[in-house]
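The block underneath contains the structure these notes are about, expressed in structure tokens.
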Amino acid sequence: MNYYLLTPELCLVGVAIAVILLDLVITRKGRLTIISIAGLAASIVVSVALWGRQDNSLFNGMLKADEFAIFFKVLLAGVAILVLLASRDYISRLSRFQGEYHALILLSVIGMMLMAASRDLITIYVSLELTSLSLYALVGFLKDAKSSEAGLKYLLLGAIASAVLLYGMALIFGITGETKLADIAAALPSGRVWENPLLLLGLVFLIAGFGFKMATVPFQMWVPDVYEGAPTTVTAYLSVASKAAGFAVVLRVFLEAFGGDVLPDWAMIFAVLGAITMTVGNIMAISQTNIKRMLGYSSIAQAGYLMVGLAAVSHAGEVSDPVVYGPTGLLFFIGCYAVANIGAFIAVIAVTNKTGSDDIESFAGMGSRAPLISLALTLCLISLIGLPPTAGFLAKFYLFNAAVHHDLVWLVIIAVVNTAISAYYYLRVVKVIWVGSPASNEGVPSGWALRAALGIACLGVLVLFFYPSPLLDLARDAARTVAGILLP
Amino acid sequence: MEFADLHPLSLLIFLPVVGALLVAFIPGLGAGTIKRLAVCFTFASFALSLALFALFDRGDSGFQFVEKVSWIPQINVQYHLGVDGLNLPMVVLTTLLGFLAVLISWKVELRPREYFAWLLILESSILGVFCSLDLLLFFLFWEIEVVPMYFLISIWGGGRRAYSAMKYVIYTIMGSAMMLAGILTLYATAGSLDMTVLAGTDLGQFVAVIPLAATFWLFLLGFAVKLPVFPLHTWLPDAHTDAPTAVSVMLAGSLLKMGGYGMIRICVSVFPDIAREYAPIIVVFAVIGVLYGAVLTLRQTDLKRLIAYSSISHMGYVLLGIFALSNLSVAGAALQMFSHGMVTGLLFVMVGLVYDKTRVRDIPALGGLARQMPIIAVVFSIAGLAALGLPGTSGFAAEFLVFLGSFSSLTVAGIRVYTLLGVVGIVVTAGYILWMLERVFYREAKPRYDGVKDADTLELAYISVFVVVIMLVGIYPRILTDVISAGVKALPLT
């Protein structure tokens, strides 16, 4: 067996155990962050080294270390590094459980990495639960009323979602008698989905279960409360990593297992859900006064844009490229969204550390109090709107382009109108920062780690705009490994 | 080394960006240094555009000074710049206004660092729109422009600035959202983002993603918001009224022209058949814009709002000229865009000066100012006369060409009637301009304005530049029409 394919995950398992043990003896807890980050960096390096390998199947095909999985492994580990860097300034609020905090983050990264690599319903479910359990604990980490409520809410709703998901998986298993995605595809009855109500029910339950992870309407109810109550670092982590992992699983499951006759049907379900998701997310975001809630709703809207990439798949292309357009766009969008959203949250952490308030109003006049942080936040928000010169612009362009190639012009028009709506609430924050008058003239101090994380995020936002080709190539290679199955 | 090896267009576009970065990030700059830096960089851009204008081969109707580098090969996006007879005048106009805008802003004391940085970036983005020959690049610069405008209006504006800035952004992004959908469907249909390729392609040979006419309308809507065409014009008076003077000058002088330019460059030259088919409807909107705008203008009592509304009416001429679809009328529209840029620019400057000196913009409260500020009164009158198309000014040459061209156009049914209706707009224009001048400058002098000062040397310097250009184009329009007709010749007009 080629167990070395698991080295990225094993590496993190080792570090996670080490962190818990070291926590007992170490007095300078800052070291824990450094160790964790080193572990994550190591797993990135190992993952990259595994890129492009032919024999990448593990455990009889239950896991796969293909380009698609590696893309997400690198992305997730990268996000975790940024989150841990930003946590350095936040850590005082996490009281004495720092070892656990780091270990939980690492464990959830392992779970998500496995999610992206799984090609079997059982491993998918197990890795999903590993992720979720760590995240439930992280959300409730602050132990104050809001955080505990958020943790409990997340746990209860998450448990229901996972039950629904399990039910869906059971139905699929019942129809096909298989749990491996490739075998499901082979055993799937032919014909459109409405000719087989049981299959339809199974698909709907799968979409509902995964929809909870991706935070898409109508499974988004938990988002605002959980995002507001969770520690801001965890919110940032949730909004990017858990969403990315959710989309990874969905892409893999639906393309590999349901790539046959039912593909146009679920693509249309995702198109419609995407349109509703982005609209609801944007409209709800308008009236928010708390920045974490606002970013929460906005991340729902962003999930709606991402679903455009799920909808933009079809057998239509005679040439190979249009088939992977949608998935490529989705992966590229996730990368661009990750840097911008993490960047925005890091800036929020910096400011709220000083002012102690999550209200948008408390950002008034930050432009003069903390010019660089404000500039970074502005850049990230502009990227989230999708205006140039930022990554978000190209991400949307590419994704929408993919949708038009699949005859989804109506969806693109809904999406671009939504972009205009989103400009309203993102710019309102920008306005408060630069036009509002500051409550005091005190500066906003921040540690080197936070500044570094913010710098990396902003650099990412700019680099992905001016030089997007490398990431686009990687995204395309990664997308081919899952969507390539559809190629004639 | 050849001039073209200097990459003059890139240099032209990015000089202001460099200036903006220097202004924004060099620590410890005083306000004076910031302003001088801004002047240097905008002047360099302007000088470069003059060099381009001088070296432009007027006999060649293709693109010149072309730069082409592959940027995002995955979706076939190129960094592709070039100028022809249609965009070169716009480039010169923009660099000139950009330079003058810095001088006009000389008295800005509030957060000068950010102000001049945004002003320079605004200039770059407009130049980028005019020079781009790749649709994505075009759209990118088109979108960038929103950011500096938002800040410029919402921080340095007056009145309901936050409201106006947001309204501007929402309208613009809505319009460009439509345009983005248009770009994507065009790309999916023809497989290219290269505007030079698209202009020479018969789109009829492709299987369109959506009907080609729908794609045409998506583009047209995007441009119509910017021009602005009735009934999408309502952002304009608000944005203009609350923007600081220099920004109003850039907005009316240069930004609106992006809409007209886009219509010629994309709607007419990529979709000639569809343009012909729908021209009668669009021309009706043009005439409504001319007349409705003029009538609204008559009713204004705020000096700045009056000029803002007059822009709506004058942009109607541009729309009329473009969709009359004759060589002459399109050339007239292009000339009108340039002329309006200078004339309305000057009008906004003059309003700004009057307001600076008197702190009043309410027309009934002013009066008899010619006695107290003779220079301002004279220049304001010149600008007003140019706006109503007095012979000898650029306004006359431009409007004459538009009306002559559209009246004699054979492409659009019923165009003569619409042209005649449009001409009525001139009469109303004469009415509101003269009436405004009379109310502001020529009634009984009011003693409360006795102490106000006339234009100082710096102000005199930049308003003279405007006057000279307006007169020059008015007396010798060939200086521009030579260039413009080279560009129009390449259009698929009958």
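These protein sequence lines are chains A and V, in that order.
480 is the number that numbering that gives the first Met the number 0 gives to position 481 of the first sequence; each next residue is one higher, with no gaps.
394 is the number that numbering that gives the first Met the number 0 gives to position 395 of the second sequence; each next residue is one higher, with no gaps.
Don't be surprised by glycine CBs; every beta carbon is placed ideally from N, CA and C.
Does any C-beta atom of chain A lie closer than 8 Å to the C-beta of residue i?
i	result
Met314 of chain V	no
Ile154 of chain V	yes
Glu142 of chain V	yes
Leu20 of chain V	no
Ala116 of chain V	no
Gln73 of chain V	yes
Met257 of chain V	no
If you measure between the beta carbons of residue i and residue j, is that distance less than 8 Å?
i	j	result
Gln77 of chain V	Asp4 of chain V	no
Gly328 of chain A	Leu398 of chain A	yes
Tyr308 of chain V	Gln335 of chain V	no
Leu21 of chain A	Ile34 of chain A	yes
Tyr236 of chain A	Val24 of chain A	no
Leu96 of chain V	Val248 of chain V	yes
Val377 of chain V	Ile469 of chain V	no
Ile69 of chain A	Ser46 of chain A	yes
Phe205 of chain V	Thr188 of chain V	yes
Val415 of chain A	Ala223 of chain V	no
Ile265 of chain V	Phe322 of chain V	no
At the level of alpha carbons, what is the spacing between residue i and residue j?
i	j	result
Met267 of chain A	Gly258 of chain A	13 Å
Leu254 of chain A	Leu463 of chain A	27 Å
Val14 of chain A	Leu127 of chain A	20 Å
Ile348 of chain A	Ala79 of chain A	16 Å
Asp264 of chain A	Arg298 of chain V	57 Å
Asp224 of chain A	Pro444 of chain A	28 Å
Pro217 of chain A	Leu319 of chain V	49 Å
Ser104 of chain V	Met349 of chain V	13 Å
Ala214 of chain A	His101 of chain A	24 Å
Asp182 of chain A	Pro271 of chain V	54 Å
Ala229 of chain A	Leu137 of chain A	8 Å
Val18 of chain A	Gln97 of chain A	9 Å
Leu211 of chain V	Trp409 of chain A	15 Å
Pro469 of chain A	Leu490 of chain V	38 Å
Asp193 of chain V	Leu294 of chain A	37 Å
Ala363 of chain A	Val431 of chain A	5 Å
Val101 of chain V	Leu471 of chain A	40 Å
At least one CB of chain C closer than 8 Å to the CB of residue i: is that the case?
i	result
Lys145 of chain A	Here chain C cannot be found, since the structure's protein chains are A and V.
For chain V, find out if any of its Cβ atoms is closer than 8 Å to the Cβ of residue i; answer yes or no.
i	result
Ala300 of chain A	no
Ile381 of chain A	yes
Phe399 of chain A	yes
Ala419 of chain A	yes
Lys242 of chain A	no
Who are the Cβ neighbours of residue i in its own chain at under 7 Å, not counting the five residues just before and after it?
i	result
Asn86 of chain V	Phe129, Cys130, Tyr260
Pro452 of chain V	One detail in the question is off: residue 452 of chain V reads as Lys in this sequence, not Pro. Contacts found: Lys356.
Val429 of chain A	Thr377, Leu380
Gly413 of chain V	Pro279
Phe40 of chain V	Leu14, Pro15, Val17, Gly18, Leu119
Thr296 of chain V	Leu305, Tyr308, Ser309, Ser312, Tyr431
Ala429 of chain V	Leu387
Ile455 of chain A	Leu81
Ala270 of chain A	Ala310, Leu407, Leu410
Quick one: what's got a C-beta closer than 6 Å to residue i's C-beta in the same chain, skipping five residues either side?
i	result
Ser42 of chain A	Pro7, Cys10, Leu11, Ala76
Ser313 of chain A	His405
Glu317 of chain A	Because the pLDDT at Glu317 of chain A is just 44, under 50, the model does not fix this residue reliably, and the value given afterwards should be weighed accordingly. Taken in chain order, the list of residues that qualify is empty.
Leu217 of chain V	Met177, Ala180, Gly181
Note down, in chain order, each residue of its chain lying with its Cβ closer than 8 Å to the Cβ of residue i, except the 5 sequence neighbours on either side.
i	result
Ala207 of chain A	Ala160, Val163, Leu164, Gly167, Phe218
Tyr296 of chain A	Val222, Pro223, Gly280, Asn281, Met283, Ala284, Gln287
Asn289 of chain A	Glu227, Asp357, Asp358, Ile359
The segment 46-64 of chain V contacting the segment 136-148 of chain V, beta-carbon criterion three pairs below 8 Å: Counting Cβ pairs under 8 Å, fewer than three are found: no touch.
Query raised in the report: Can at least three beta-carbon pairs, one atom from the segment 432-439 of chain A and one from the segment 293-308 of chain A, be found at a separation below 8 Å?
Result: Touching, no, given that fewer than three Cβ pairs across the two stretches are closer than 8 Å.
**Request:** Examine the Cβ distances between the segment 109-120 of chain A and the segment 145-160 of chain A and report whether three or more of them are shorter than 8 Å.
**Result:** Result no; under three Cβ-Cβ pairs closer than 8 Å.
**Request:** Evaluate contact between the segment 279-295 of chain V and the segment 417-433 of chain V, counting only Cβ atoms and requiring at least three cross-stretch pairs below 8 Å.
**Result:** Between the segment 279-295 of chain V and the segment 417-433 of chain V there are three or more C-beta pairs closer than 8 Å, enough to call the two in contact.
Check your understanding: Would you call the segment 225-244 of chain V and the segment 252-267 of chain V touching, i.e. three or more CB-CB distances under 8 Å?
Key -> The segment 225-244 of chain V makes contact with the segment 252-267 of chain V: 3 or more CB pairs, one atom from each, lie closer than 8 Å.
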